[in-house]
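In UniProt numbering, the protein residues as written are 1 to 289. Just so you know, even glycine gets a beta-carbon here, dropped at the ideal spot from N, CA and C. If you're wondering where the values come from, they're calculated on a predicted model, not measured in any experiment. Structure, as structure tokens:
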Ligand code: GLN
């Protein structure tokens, strides 16, 4: 039986690795042990025989049990890094993905005014808005989310990181204070409701409201593309993340709605995972009347 006798890092980790059925069991176990023990991951290699006290060892056991059931590591740690920013995460929002950093890169490549007005729709943890705020202090950045918990979380992250992002509770554009944006950016839900990968891995524990969007996954994207022009300044940009097989359909939505310069861009895996378009200045607007 377990006694007050402490166990070594190596014994705890080996035991955990056998129980965790993820693609990265050792990494997961090391992250969890580092979290409860305050020891660094590199120390587990350098000093595998170091003993862990009973209290952190018990906490580790509890986290490993949850990870063995599939709970994402980020939810167990309570944080996830995005764009080198340490973000607090909770099960009320999506865990920020590395590929979404490509969306941030794309936004930073656009030629926008120095004091561009930008909004991140469905911000979740605030990841996209906060990454942009960290890179472009002169931009005026807003973010919104439908869920109160997500709004509170994004506000917490903004405070912790001391980044100026105004977060609103809003169903897409409906609750935004009026403004004309130079950039509207979003990683909306875009997974088809019957997609089998919803039953696999970490996504099983993420809120479906942040993932699923109707039969073809495009319900929210259709709505955003339809409504965005009313919220864009002339020559403002709309930039959306979407699924690897949705680029053509999303480009068609942009073009049909009247966007110009419509193009898709790739994620780190080489898939077309983002589409952007510019709302054109009205023909003759400069010379009207
Ligand atoms: N990329 C996510 C996934 O595949 C989906 C994110 C989203 O719907 N916005 O799990």
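Proximity test, residue i beta-carbon vs the ligand GLN heavy atom, cut-off 7 angstroms
i           : result
residue 190 : yes
residue 203 : yes
residue 162 : no
residue 18  : no
residue 252 : no
residue 117 : no
residue 200 : no
residue 157 : no
residue 211 : yes
Buried or exposed by the 16-neighbour rule on C-beta atoms within 10 Å, applied to residue i
i           : result
residue 47  : exposed
residue 282 : exposed
residue 125 : buried
residue 24  : exposed
residue 251 : buried
residue 177 : exposed
residue 93  : buried
residue 255 : exposed
residue 206 : buried
Nearest candidate by alpha-carbon position, reference residue i, set the options
i           : options               : result
residue 209 : 229, 147 and 254      : 147
residue 271 : 250, 278, 280 and 243 : 243
residue 278 : 234, 269, 267 and 268 : 234
residue 220 : 89, 154 and 189       : 189
residue 144 : 98, 118 and 161       : 118
residue 14  : 150, 55, 61 and 140   : 61
residue 249 : 231, 229, 273 and 268 : 273
**Message:** Please give the ranges of any beta strand (DSSP E) in the segment 211-262, keeping only runs that are unbroken, at least 3 residues long and fully inside the region.
**Reply:** 232-241
Original post:
Which ranges does the alpha helix (DSSP H) cover as unbroken runs of at least 4 residues, wholly within the UniProt domain "Methyltransferase small" (114-196), from first to last along the chain?
Top reply: 127-135 and 148-161
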